[in-house]
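Chemist: In this text, residue positions in the sequence shown follow our numbering: the first is 31, and each later residue adds one. Heads up, the beta-carbon is just placed ideally off N, CA and C, and yes, glycines get one too. Questions regarding the structure given below will be posed in turn.
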Amino acid sequence: HGEQQSEEDAIAWLLEHRGAHMRKLAEDIASAGKIYEPPLVHSENGQLVVDDGNRRVACLKLLNNPTLATTPDWQKFFKGLSTTHAIPSKIQCRIETNVDEIDEILYRRHTGTQQGVGQSQWDDTAKSNFIERTGKKAKVKLGEEIVKKLVSENLIKEDKRIPRSNLSRLLSGRYQRTRVGISVEKNKVYFTHLPHVSLAALTKIVEDMRNGKPVLGDIWAAEGKRKYLNSLEMMGVLPNAHHALDEPLEFHKTSKDWEKPSNEPIPAGTLDKPEFPDVKTTLKDIPELGGPAEEESNRPTLIPTGYDSRIPKKPELKRVRAIWEELEQHLTFGTHTNAIAVLFRVLLEQAINHYVETTKIQTHQNDKLRNKYLKCLDQQLKDQILSKTDLAELRKFEKTEPVISSHTMHAYVHSTNFSPSPEHLRPMWDTLQKFILNCLKSSV
């Protein structure tokens, strides 16, 4: 606002010319009970003069003394906030004594990036990464929604000790949410996998957090989240591909609304009963974090050793056969897990492209892999080399599995959220193997 004659004039100018911003900032200060960035000030004639942070200081003064506002409406607004929130009366400031130093600070803060010298604004990728990591800006308070759901299903008791913010942070990314069988779309929470399996996983997570494992530091970054979720996957707690739903189901529907898909068989050993079991009964068999893990398969390679693939010995499939051999005989989990995940995607992409070319399926130049995948599924059903049961199972992967849903190889390889694990990749291969071989054995 430039230099003003008095504090009253400065406040009046801010309320008149920056009214909307002042309103939002005041609400944020009242809600947080603090100012996150200290104002920059210097001492002059025994008083502190604000050089940067006038809106912050003005809002705090108005919250502490609403009569400073210029109109009755503004006074009512600030009084309303001050009576319903604990407003701080003191703040920390950054005090500088050198005027030239202050000008240098302001120059770097407020005159653009200066080719990297000044403060840079985050691009869309940086903003997205931050939101993905922290869960900020999410309108849905996911942690609170999950706790409410578990309480309503009598899976846990209401407990203020449950760190809901930690739960939100753990599930701040789409990949983490998919692993526990839920998604957030248009400000609503949905099940993407069988509700009772997803709820069992969520209950285990909440119980762990209530007991202090993991704590915030354990799940602060993507690596910590991956490590914790992998430990649950090793226990058999998390949903897998067999539990995926054909269509998302609203999270807050009651258990009476859940219907088992009637057209799909339940894989042997997946459920104890043909109907949805009592989640509380399921949970008692889940070991504590760090306990023994029971894996469906302990094979060291993605492709079972000795599998007779009978891939045609065509020149155009030479690289495919080499990749198959590496995944079957040379690359082992634990040592080469990331390489296995990448080559899995390469093999899938090569197989789909080969099938598209040999069957003359109608595709477009910019078709994403998952679009081609769906077209190949439909063609294989038409050619009667896939059954309807196979199709239903394979269609589930289109949205939930990064190996297919990632638009490009670059996005898959460089994703900060997807961290492959043997327990996830093995059953993925077991389900996709028939489809991939159908693609590779296709001929013109």
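1) Go ahead and label G146 buried or exposed: buried means 16 or more other beta carbons lie within 10 angstroms of its beta carbon, across all protein chains shown.
2) May I ask you to list the residues that DSSP assigns as paired with I212?
3) Output the boundary residues of the beta strand (DSSP E) element that contains Q395.
4) Near C123, which residues of its chain fall below 6 Å by C-beta distance, leaving aside the five closest residues on each side in sequence?
5) Taking all protein chains shown into account, do 16 or more other C-beta atoms lie within 10 angstroms of the C-beta of G173, making it buried, or fewer, making it exposed?
6) Going along the chain, which residues of its own chain have a beta-carbon closer than 6 Å to the beta-carbon of L201, five neighbours each way excluded?
7) I'd like the span of the alpha helix (DSSP H) that includes A50, first residue to last.
8) In terms of DSSP beta bridges, what is I125 paired with?
9) Among all the DSSP beta bridges, which residues are the ones paired with Q77?
10) Which partner residues of A274 appear in the DSSP bridge assignment?
11) Where K402 and E379 are concerned, what is the direct C-alpha to C-alpha distance, given to the nearest angstrom?
12) Do you know how far the Cα of L424 is from the Cα of L399?
13) Mind checking whether the beta-carbon of L93 lies closer than 6 Å to any heavy atom of the ligand FAD?
14) Over the uninterrupted alpha helix (DSSP H) stretch that includes E358, give me the two end residues.
15) Does D483 come out as helix, strand or coil in the three-state DSSP assignment?
16) On a Cα-Cα basis, can you pick out the residue from H366, K91, I333 that is closest to E355?
17) Classify N128 as buried or exposed, calling it buried when 16 or more other Cβ atoms lie within 10 Å of its own Cβ.
18) From K412, H273, I117, pick the residue whose C-alpha is nearest to that of V227; which is it?
19) Under 8 Å, with one C-beta from each stretch per pair, do the stretch 235-254 and the stretch 179-190 reach the 3-pair mark?
20) For E379, which of helix, strand or coil comes out of DSSP?
21) Is DSSP giving L279 helix, strand or coil here?
22) What separation, rounded to the nearest whole angstrom, lies between the Cα atoms of E550 and N260?
23) Within 10 angstroms of its Cβ, does Y66 collect 16 or more other Cβ (buried), or is it exposed?
24) State the Cα-Cα distance for the pair P452 and I353, rounded to the nearest angstrom.
Modeler: Checking against the coordinates, here is how it stands:
1) By the Cβ neighbour-count rule, G146 is exposed, with fewer than 16 other Cβ atoms within 10 Å of its own.
2) As computed with DSSP, I212 is found in a beta bridge with F221.
3) Membership of Q395 in any beta strand (DSSP E) is not indicated, and neither H nor E is assigned to it by DSSP.
4) Cβ neighbours of C123 beyond the five flanking positions: P68, P69, V71.
5) Buried, since its Cβ has 16 or more Cβ neighbours within 10 Å.
6) If we look at L201 and ignore the five residues flanking it on each side, its Cβ neighbours are L172, R207.
7) Bounds of the alpha helix (DSSP H) holding A50 are 49-62.
8) According to DSSP, I125 bridges with V71.
9) Under DSSP, Q77 forms a beta bridge with E74.
10) Residue pairing for A274: DSSP places it in a beta bridge opposite H223.
11) Cα to Cα, K402 sits roughly 9 Å from E379.
12) The alpha-carbon atoms of L399 and L424 are separated by roughly 14 Å.
13) Among the components of this structure there are no ligands whatsoever, and the ligand FAD is therefore not found.
14) Taken as a continuous stretch (DSSP letters only), E358 belongs to no alpha helix (DSSP H), as it is neither H nor E.
15) With the chain represented from 31 up to 474, any question about residue 483 goes unanswered, as that position is not in the structure.
16) E355 has its Cα closest to that of I333, out of H366, K91, I333.
17) Answer is exposed; the Cβ neighbour count stays below 16.
18) Here the closest residue by C-alpha is H273.
19) Yes, since at least three Cβ pairs between the stretch 235-254 and the stretch 179-190 fall closer than 8 Å, the two stretches touch.
20) In the displayed model, E379 falls within a helix according to three-state DSSP.
21) Correct three-state label for L279: strand.
22) An answer regarding residue 550 cannot be provided, because it is not within the stretch 31 to 474 covered by the chain.
23) Exposed, by the Cβ-count rule.
24) C-alpha separation (whole angstroms): 18 Å.
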